[in-house]
Structure formats: structure tokens, C-alpha cells
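The numbering of the sequence shown is this note's numbering, which starts it at 63 and goes up by one.
Take a look at the structure below.
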Amino acid sequence: MGTEQTSYVIIGNGIAGITAAETLRSEDSAATITVIADDPFPVYYRPALKDYLAGRVQESKLWARSTDFYQQQKIGFLRERVVAIEPNQHSIYLQSGPSIPYSRLLLASGTRASTLTCPGLDLVGVTTLRTVADYQRVLSRLSGVRRVVVSGSGTLALETIETLRHRGYQITHLIRSKLLWSEVLDQTASDLVLQQEQRDGVDVRLEEEIAEIRGSKDPQSRSQQVREVVTTSGARIPCEMIIIAIGVEPNSDFVKRSGIICGRGLKVDIAMRTSAPDIDAAGDVLETTDALTGRTRVVGQWYPAIQQARAAAYSMLSLLDTQQPFSALSFYNATFLYGLAFASVGLTKVPKESKGYLEIVADPQPRLYRKIILKDGIPVGMLALGDRNGTMALKRAIDHHINLSGLEQRLADPSFKLNEWLDQEGVPPPILGVRRAGDSDVQTIAYTGTHHPTLITESHTYTEGWLIPITNEKSDMPSLIEVRLSQTKVMAVGRREGVYLCVDHPSVSREHAEIRYANGQYILRNLSRTSGTYVNNVALVPDSASILKPNDRIQFGKTIAFLFQERPVFYDRAALSSQDHQSIARGQTVMETLPAVSMSSSSADKTSGQTATVYAPLAANAPYLQEGPTLVIKAVNETKSIKITSRKRLILGRDRKADIQLPDITVSRQHAEIFHGSDGFYIRDLGSSNGVTVNQTRIDNPYLLANGDRISIGSCVIEFVEDKKDAR
Numbered sequence: 063m064g065t066e067q068t069s070y071v072i073i074g075n076g077i078a079g080i081t082a083a084e085t086l087r088s089e090d091s092a093a094t095i096t097v098i099a100d101d102p103f104p105v106y107y108r109p110a111l112k113d114y115l116a117g118r119v120q121e122s123k124l125w126a127r128s129t130d131f132y133q134q135q136k137i138g139f140l141r142e143r144v145v146a147i148e149p150n151q152h153s154i155y156l157q158s159g160p161s162i163p164y165s166r167l168l169l170a171s172g173t174r175a176s177t178l179t180c181p182g183l184d185l186v187g188v189t190t191l192r193t194v195a196d197y198q199r200v201l202s203r204l205s206g207v208r209r210v211v212v213s214g215s216g217t218l219a220l221e222t223i224e225t226l227r228h229r230g231y232q233i234t235h236l237i238r239s240k241l242l243w244s245e246v247l248d249q250t251a252s253d254l255v256l257q258q259e260q261r262d263g264v265d266v267r268l269e270e271e272i273a274e275i276r277g278s279k280d281p282q283s284r285s286q287q288v289r290e291v292v293t294t295s296g297a298r299i300p301c302e303m304i305i306i307a308i309g310v311e312p313n314s315d316f317v318k319r320s321g322i323i324c325g326r327g328l329k330v331d332i333a334m335r336t337s338a339p340d341i342d343a344a345g346d347v348l349e350t351t352d353a354l355t356g357r358t359r360v361v362g363q364w365y366p367a368i369q370q371a372r373a374a375a376y377s378m379l380s381l382l383d384t385q386q387p388f389s390a391l392s393f394y395n396a397t398f399l400y401g402l403a404f405a406s407v408g409l410t411k412v413p414k415e416s417k418g419y420l421e422i423v424a425d426p427q428p429r430l431y432r433k434i435i436l437k438d439g440i441p442v443g444m445l446a447l448g449d450r451n452g453t454m455a456l457k458r459a460i461d462h463h464i465n466l467s468g469l470e471q472r473l474a475d476p477s478f479k480l481n482e483w484l485d486q487e488g489v490p491p492p493i494l495g496v497r498r499a500g501d502s503d504v505q506t507i508a509y510t511g512t513h514h515p516t517l518i519t520e521s522h523t524y525t526e527g528w529l530i531p532i533t534n535e536k537s538d539m540p541s542l543i544e545v546r547l548s549q550t551k552v553m554a555v556g557r558r559e560g561v562y563l564c565v566d567h568p569s570v571s572r573e574h575a576e577i578r579y580a581n582g583q584y585i586l587r588n589l590s591r592t593s594g595t596y597v598n599n600v601a602l603v604p605d606s607a608s609i610l611k612p613n614d615r616i617q618f619g620k621t622i623a624f625l626f627q628e629r630p631v632f633y634d635r636a637a638l639s640s641q642d643h644q645s646i647a648r649g650q651t652v653m654e655t656l657p658a659v660s661m662s663s664s665s666a667d668k669t670s671g672q673t674a675t676v677y678a679p680l681a682a683n684a685p686y687l688q689e690g691p692t693l694v695i696k697a698v699n700e701t702k703s704i705k706i707t708s709r710k711r712l713i714l715g716r717d718r719k720a721d722i723q724l725p726d727i728t729v730s731r732q733h734a735e736i737f738h739g740s741d742g743f744y745i746r747d748l749g750s751s752n753g754v755t756v757n758q759t760r761i762d763n764p765y766l767l768a769n770g771d772r773i774s775i776g777s778c779v780i781e782f783v784e785d786k787k788d789a790r
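Structure, rendered in C-alpha cells:
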């Protein structure tokens with residue numbers, strides 16, 4: 063077997079770096095992965111910092127990964143500063159002196175807070191807001207503060223003002239231009255939000271900036287402390303704290319010196335590749351260009367950074383699906399702007415001197431605003447303020463470039479159901495994230511295929527897939543054993559060490575094929591472009607997939623062949639220990655985590671003469687289960703069950719109005735929904751920040767649930783049980 067090993071190096075340990083590292087490790091268990099960063103803090107949930115400032119979230123809840131994350135994932139971590147890159151030598155240089163080689167390099171160095179150039183920036187009480195340390199400084203000084211000046215016009219400034227105002231502080235808001243968040247909001251939307259601020263007692267001053275910060279000596283600390291701000295109009299504003307929230311700057315100085323093409327941030331192609339070979343980039347350090355307007359910007363937001371990191375990792379592994387790429391400029395951006403629900407997708411303001419654009423604006427109502435932008439009949443952007451209903455349907459139309467000519471008047475009517483119209487037209491679901499090559503095959507089957515739930519029947523059995531080696535007399539045939547197929551993992555087949563099915567044969571590629579399980583079906587995908595993958599002697603086209611049927615003959619390369627079989631697995635509740643029974647009673651799933659026990663071939667699969675493996679059943683007989691389809695929810699210190707019906711869609715999220723509330727800061731306000739279709743219950747991601755995972759696989763399209771499916775939303779684990787009487 064070959065010993066070739068890939069070395070991945072990631073610069074940056076923010077959410078982009080950590081997401082890429084996780085993705086790489088999940089796909090390549092044998093690779094060497096090293097993360098380099100000089101930030102002393104582990105990765106934290108930046109969207110939760112406003113809740114930390116408000117006192118709603120403790121500091122211990124901010125961290126996005128455990129302290130032993132790198133150790134658990136077998137990822138090296140260096141607390142160092144990178145000062146140079148030598149692309150031709152495939153090396154990076156550290157401030158401490160040594161160089162580090164790489165096979166593939168990911169630049170995820172993030173951004174730093176922009177600041178001003180006026181006098182007085184060094185006074186105590188002046189701070190930017192970007193890191194946990196910044197927020198700690200603000201919190202440590204609030205007890206001695208009564209008046210705060212906030213400079214900035216983006217969402218960070220607005221969130222900070224709203225939080226501090228609700229804590230009782232006097233706030234003056236300085237905005238450089240006439241608009242709030244001028245990159246996204248138009249005049250009407252900006253005015254609505256500014257009116258909200260003013261109603262709340264905020265002193266809003268448009269077209270004013272800080273010209274000078276003045277201070278005085280504190281008699282106790284003897285340090286120079288903030289006393290007042292002088293604005294560009296000459297106004298003097300007394301204050302004890304100044305918060306500068308005017309944007310971010312990419313940490314790309316060391317990259318620019320290497321010759322990699324940069325603008326304000328790093329430039330990448332659709333596959334997240336920079337201009338240098340084997341160097342990719344992701345996250346806030348990137349500069350994105352709007353294809354319609356040519357305008358560039360640094361997005362600097364959490365959800366796009368996660369998706370870009372996934373895209374970069376899949377690109378580094380040659381597994382990125384580029385057929386329907388995720389775009390950071392057309393992602394679903396949902397938040398609250400001073401209490402007003404907000405959502406936007408794509409272009410939100412018509413470019414000047416541009417032809418073919420049409421703005422469709424709904425009839426104005428108090429605290430409500432809605433606008434759709436078409437380009438030659440094709441939707442290219444939308445903005446909603448005060449009510450987000452129906453905005454995901456617009457994203458769906460934008461993603462798939464659906465011509466809406468003739469619907470202009472209906473689009474402005476709130477009673478028009480665009481989603482139903484799109485369903486009739488056969489439009490696919492919206493693109494909410496990056497797709498791995500092969501995901502589309504699985505998702506299409508999950509979305510349109512027949513429902514074949516994996517049920518535990520009255521006789522305590524269910525079926526599992528196995529690959530049975532077919533005897534071959536050729537001398538170079540390696541020794542193979544039967545392989546049990548997983549229903550929760552992506553199973554890689556190839557010659558590379560660490561894959562699920564490793565076959566040491568020259569005709570087998572390092573990454574030859576993969577097998578996935580979805581909705582009761584095993585799906586084989588061919589990754590090899592040389593020696594091929596065959597099902598019943600028919601070659602699979604590279605990147606194509608085939609649903610496996612019992613007794614299918616599968617061949618990898620020239621000689622390696624298996625027979626696909628499905629076998630029953632018998633459950634023996636008597637084999638469970640008392641500790642296992644207690645785990646089940648608490649709602650903990652023990653399937654596939656307990657030691658296997660054997661059954662004789664007479665009680666298992668008599669035709670193969672092999673020993674079947676017995677696992678503890680799912681928590682199906684636990685007392686909290688109800689008759690009928692049920693969600694068993696395990697959150698912090700709580701396990702509960704909720705019976706679901708076909709009559710109502712269920713919203714899962716952190717919002718108090720959600721049907722199923724999940725008290726976790728990593729969960730979006732409206733994170734996912736469960737709804738009934740003609741063939742069963744589906745779960746769908748609602749454009750959440752951190753995604754929905756089913757059986758350890760992130761979903762991007764509606765997913766048809768089967769009995770025993772495990773759904774992960776934030777730190778909450780949800781098990782779907784179809785029927786208690788069928789799951790004994």
C-alpha cells in the first residue's frame with residue numbers, strides 16, 4: 063500500500079478555518095492537517111457577541127468548539143504569526159523563523175476592525191468591536207459609563223446601540239452618510255430603521271463623523287480617559303465611552319507580499335482558488351465581486367464564511383460541486399434591525415445608469431417595506447423589512463434565474479403564493495449552501511424517490527447492506543473480507559490509507575468511489591476517471607451514481623469485485639446492560655455505540671453462512687414515546703417528545719414563537735421546518751447560520767425522514783421515530 067500523505071495547512075482559526083479543518087478531516091482521515099493562528103481565543107460564535115454584551119449569554123457559551131477539539135480531530139495547532147508565503151516552494155514562513163511545507167494551503171486569516179485616524183484614539187474608553195477581548199473591555203468599563211458615542215452605519219453598530227440603549231445608556235449615533243447600512247438599505251428602508259432608533263431615544267446624527275476625541279486625567283487611575291467627541295460639524299458630545307464600528311479590513315498583508323492577486327481582499331474563482339497553485343482562500347479575508355454591478359466588497363459575515371470554507375475544503379479534495387455554486391452575494395441574509403425583521407438576497411438597490419431593471423415595491427404600510435428587483439424579467443434581488451414571510455420563495459426564484467415576466471403585479475400582492483407557483487413550474491429548492499460532489503444525486507433521490515423507511519419490526523429486525531467479495535483466481539487479487547455498510551457515514555472506497563474500504567491494488571485509484579445511505583437506499587458513486595467502477599458489468603460515468611439493488615455485482619478497477627446484499631439484523635433487548643437501559647430511558651441513542659454481540663448463522667442469514675451483528679435498538683420503547691410519528695428532542699438537561707401530524711408545519715428554532723423552541727445560541731431564530739409530503743415527513747433548513755445535519759450529513763434540500771434518523775441542530779439532537787408499536 064502506498065504511503066503518500068497529503069499535508070493541509072490552514073492559516074486562521076476562526077469559523078472559516080475551523081469549518082474547513084472539520085470538512086477535510088471528515089473526508090480524509092489519513093491526511094496531516096495543521097492550523098496556524100496567533101489568536102489566543104478558540105473559535106467563538108460571533109453572532110452571539112451581542113447577546114454576550116446584553117448579558118443574555120455567558121462567556122463560557124461563546125466558544126464554538128471544545129478546548130480539546132484539535133486533539134480529538136487529530137489536527138495540529140500552532141500559535142504563531144505567518145509573515146510570508148512562498149508559493150513556488152510550497153512553504154510558509156513564521157514570525158519565529160522556521161518554514162512549514164504544505165501540499166495544499168488555505169488562507170482563512172479573517173479580518174480586523176477598521177479604525178479612525180483622528181487624535182485621541184489612544185484614550186481609555188475608545189474601542190473597536192470585533193473580538194471577544196473587545197467586548198470584554200466594553201463590559202469591564204460599563205459600570206462607570208453613562209453616555210456612549212457609537213460611530214458606524216452597519217449592523218454591528220446598530221446591534222450595539224440597541225443592546226446598550228436597552229440597558230439604559232444614553233447613546234449618540236454618528237453616521238457618515240445619509241443612509242444606514244448603505245451597502246444594502248435604500249432610503250426608505252434606512253428611514254424606517256432610523257425612526258425606530260429615534261423612537262427609542264437614540265440621538266441620531268447623519269453625515270457626521272468623529273474629528274477629534276478629547277480626554278482628561280482620571281484622579282484614581284491617572285490615565286487619560288475619554289471626556290468628549292468633537293464631530294466634523296464642530297459639535298461637542300460629552301461621553302465616557304466611544305465605540306468604533308465602521309467596518310473591517312482583511313488580514314491579507316502577508317499574502318499581498320507573496321504575489322497572490324488581491325484587491326482590498328483576496329480574489330478567488332468559483333472553486334475558491336487563488337491565483338497561486340494549490341492555495342485556496344475562504345471567509346472574511348475574501349473580496350467578492352457582484353457580477354451585475356462589478357462592485358467589490360468584503361462581506362464579513364458568519365454564514366457566508368462557513369459556506370466558503372466548505373467550498374474551499376471540497377475544492378482542495380477535488381469534491382466541490384460547481385454546477386450550482388453558492389454565492390456569498392446572493393445568500394439569504396436574515397436578521398433584525400432595531401426590532402424589525404429583515405431579509406435580503408442579492409441586489410437590493412438598482413445600479414445607476416443601468417437599463418432593463420424594474421423595482422417592484424409593495425404598497426407601503428407602517429413599519430413594513432418590501433421590494434423586488436428584476437433584470438429583464440429575471441429576479442436579481444429582494445429586500446424585506448418588518449415581515450420576512452415569502453422571502454425564501456424569492457431566493458428560490460433568484461437562485462434558479464426564473465423569468466417572472468407577467469407576474470409583476472402579483473409579486474407585489476402579499477396574498478400571492480410564489481412558492482406554490484414555483485412548485486407548479488418544477489423549480490428546484492433554493493440553494494442554501496455549498497454542495498459536495500455527489501450530494502445532488504442523494505438529494506434528488508431523497509426529494510423525489512419512494513419512501514423506504516428503515517423500520518424495526520415486531521420481530522426486532524431491520525436490514526443492513528453488505529459487500530461480499532467475489533472469488534477471483536488471479537494471483538494479484540488482494541485478500542478481501544466482507545464489509546458492513548454504514549447508514550450514517552459517507553463510505554469512501556480506494557487505495558488511500560484511512561478510507562472506509564481500503565483496497566491495495568494498482569487498478570484502484572486512491573479515491574475510487576463512495577457509497578452513501580439515504581432513505582433506505584445505498585447509493586454508489588464513481589469517482590475514478592481511469593480504471594472505472596462497474597455495476598453488473600456496466601461502467602459508471604465519472605461522478606455519476608447508481609442505486610444499489612440486492613445481488614448487484616460491483617467491480618472497482620480491473621479485478622476487485624463484490625456482491626451487494628441486504629441482511630436482516632436481529633435485536634436482542636436482553637443483551638442490553640442496565641446502564642444501556644438507563645441511557646435509553648434518558649433519551650440517549652445507543653445504536654451503533656455498544657459492543658456488538660454475535661448470533662449464529664441459523665438465526666441470521668442462513669444463505670451466506672456468515673455471522674450477523676446485533677446492536678442495541680434505538681430508544682423506541684422509552685416511556686416518553688407516543689403513538690404515531692414523534693420527535694424525541696434531547697437538549698441541555700432535558701429530553702422530551704413531540705407528536706407530529708400532517709396538518710401543520712413545525713418551525714424549529716430559538717424564537718419564542720417557534721413551534722419547537724431550541725434554547726441554544728447556535729440555533730437560528732427560525733432554523734428549520736418539518737412538514738408532511740405525499741410520501742412522509744420532510745425536514746428543511748430555513749437558511750440557518752449553522753445548518754441542519756441528518757445522520758452526520760448536512761442537508762441542503764428537503765430531506766425525507768426515516769425511522770431512527772438523527773437530526774442535529776446546534777447542540778440539540780432530535781430523533782425521528784415513526785411509530786412506537788413499529789419500533790419495539
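Beta carbons are placed, not taken as given, at the ideal position from N, Cα and C, and that holds for glycine.
Just so you know, these numbers come straight off a predicted model, no measurement behind them.
Ranked by how close their Cα comes to the Cα of glutamate 415, the residues Thr355, Ala601, Gly452, Gly715 have Thr355 in first place. Counting along the chain, the unbroken beta strand (DSSP E) around glutamine 583 starts and ends at 583-588. DSSP places glutamate 559 in the coil class of the three-state scheme, outside both helix and strand. The region 189-197 makes contact with the region 297-311: 3 or more CB pairs, one atom from each, lie closer than 8 angstroms. Ranking Pro339, Met334, Gln427, Leu379 by CA distance to the CA of serine 389 puts Met334 first.
One alpha carbon belongs to arginine 284, the other to valine 97, and they sit about 42 angstroms apart. Just measuring C-alpha positions, the residue of Phe743, His738, Ala734 sitting nearest arginine 760 is Ala734. Note on serine 392: 16 or more other CB atoms within 10 angstroms of its CB, so buried under the neighbour-count rule. Rounded to the nearest angstrom, the gap between the Cα atoms of leucine 469 and arginine 108 is 40 angstroms. Approximately 5 angstroms separates the beta-carbon atoms of glutamate 349 and arginine 326; this is inside 8 angstroms, confirming the contact. For the options Leu124, Leu693, Ile72, the alpha carbon positioned closest to that of threonine 707 is the one of Leu693. Here the region 418-437 does not lie against the region 369-380, with fewer than 3 beta-carbon pairs under 8 angstroms apart. The shortest CA-to-CA distance from arginine 591 to any of Ser380, Phe398, Asn613, Gly309 is the one to Ser380.
Spatial neighbours of alanine 375 in its own chain (CB-CB distance under 6 angstroms, excluding positions within 5 residues in sequence) are listed in chain order as Ala82, Thr85, Leu86.
Judged by beta-carbon spacing, threonine 68 lies beyond the 8 angstroms limit of alanine 99, meaning their Cβ atoms are not closer than that value. Alanine 459 carries a helical assignment under DSSP once its states are collapsed to helix, strand and coil.
If you ignore the 5 residues before and after glutamate 142, its C-beta comes within less than 7 angstroms of the C-beta of Ile98, Asp100, Leu156, Gln157, Ser158, all in its own chain and listed in chain order. Residue pairing by DSSP places arginine 284 in no beta bridge whatsoever. DSSP places glycine 79 inside the alpha helix (DSSP H), whose first and last residues are 77-89. Our two residues, arginine 731 and glutamine 282, have alpha carbons roughly 45 angstroms apart in a direct line. Residue environment analysis places glycine 117 among the exposed positions, since fewer than 16 neighbouring C-beta atoms fall within 10 angstroms of its C-beta.
Collapsing the DSSP output to three states places methionine 334 in coil.
If you draw a 10 Å sphere on the C-beta of lysine 719, you find fewer than 16 other C-beta atoms in it, and that means exposed. Looking at the backbone, the Cα of serine 777 and that of valine 442 are separated by about 35 angstroms. Closest in C-alpha terms to glutamine 723, from the list Val779, Leu766, Tyr765, Gly770, comes Val779.
When the alpha-carbon of arginine 450 is set against those of Asp265, Glu482, Ala403, the nearest one is in Ala403. Taking 8 angstroms as the upper bound for CB-CB distance, threonine 384 and isoleucine 332 are in contact here, some 6 angstroms apart. Excluding the 5 residues flanking it on each side, serine 750 has same chain C-beta neighbours closer than 6 angstroms at Ser730, His733, in chain order. Looking at the DSSP output, histidine 228 bridges to nothing. Annotation: tyrosine 394 is outside any beta strand (DSSP E) and is labelled neither H nor E by DSSP. Between the alpha carbons of glutamate 121 and tyrosine 114 lies a gap of roughly 7 angstroms. The beta-carbon distance between threonine 293 and leucine 236, rounded to whole angstroms, is 7 angstroms. This is short enough to meet the 8 angstroms contact definition. In the DSSP annotation of this structure, the continuous segment of the beta strand (DSSP E) that includes proline 312 starts and ends at 310-312. In the three-state reduction of the DSSP assignment, leucine 602 falls in the coil class, being assigned neither a helical nor a strand state.
Under the three-state reduction of DSSP output, tyrosine 365 falls in the helix class. Taking a C-beta distance under 8 angstroms as the contact criterion, alanine 175 and glycine 76 do not qualify as a contact pair.
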